[in-house]
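The block underneath contains the structure these notes are about, expressed in structure tokens.
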Amino acid sequence: MSDFVDVPGASGAHYRFRRAAPAELPPTAGNLLVATCQTGRLKVLFCGAARSLSRAAPVVSETLKANRSAKLFVRLNVARTTREAEHADIVAGVSPAAEAGDLD
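Have a look at this one:
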């Protein structure tokens with residue numbers, strides 16, 4: 003799986019996420035997802051948004067532990083309205099197995 007993934011939203015917009023390690027989650031705001039790549043297709047297992055991505059570490063670690071082939075990806079965006087709108091668009095576009103709109 004690449005270090006970057008482009009995730010489609012229901013609106014047709016694409017959102018670029020970069021791979022990260024759970025221990026490297028920054029204390030800044032953004033969106034995150036945990037995904038696997040099966041037969042060339044991205045499968046989103048968890049999609050979340052937080053004012054501090056570092057606070058998402060417990061749920062991310064749990065999801066990664068349950069899915070050994072999954073990877074964590076983050077997208078930094080400080081503005082709450084942007085973060086919430088992107089999260090809603092991504093959830094509607096990819097129908098993740100689980101999601102949390104506010105992990106704080």
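Its first residue numbered 3, the sequence shown is counted upward by one per residue in my numbering.
By construction, the Cβ of each residue, glycine as well, lies at the ideal position given by its N, Cα and C atoms.
Under DSSP, residue 102 forms a beta bridge with 50. Cβ-Cβ separation between residue 74 and residue 23: approximately 7 Å, consistent with a contact (criterion under 8 Å).
In the same chain as residue 10, and ignoring 5 residues on each side of it, the C-beta atoms closer than 6 Å to its own belong to 16, 95, in chain order. Residue range 32-40 is occupied by the beta strand (DSSP E) that includes residue 35. In the structure shown, residue 10 adopts extended strand secondary structure according to DSSP, grouped into three states. Note on geometry: alpha-carbon atoms of residue 77 and residue 46 lie some 14 Å from one another. Here residue 80 is exposed, its C-beta having fewer than 16 other C-beta atoms within 10 Å.
When the beta-carbon positions are compared, residue 63 and residue 38 stay at least 9 Å from each other.
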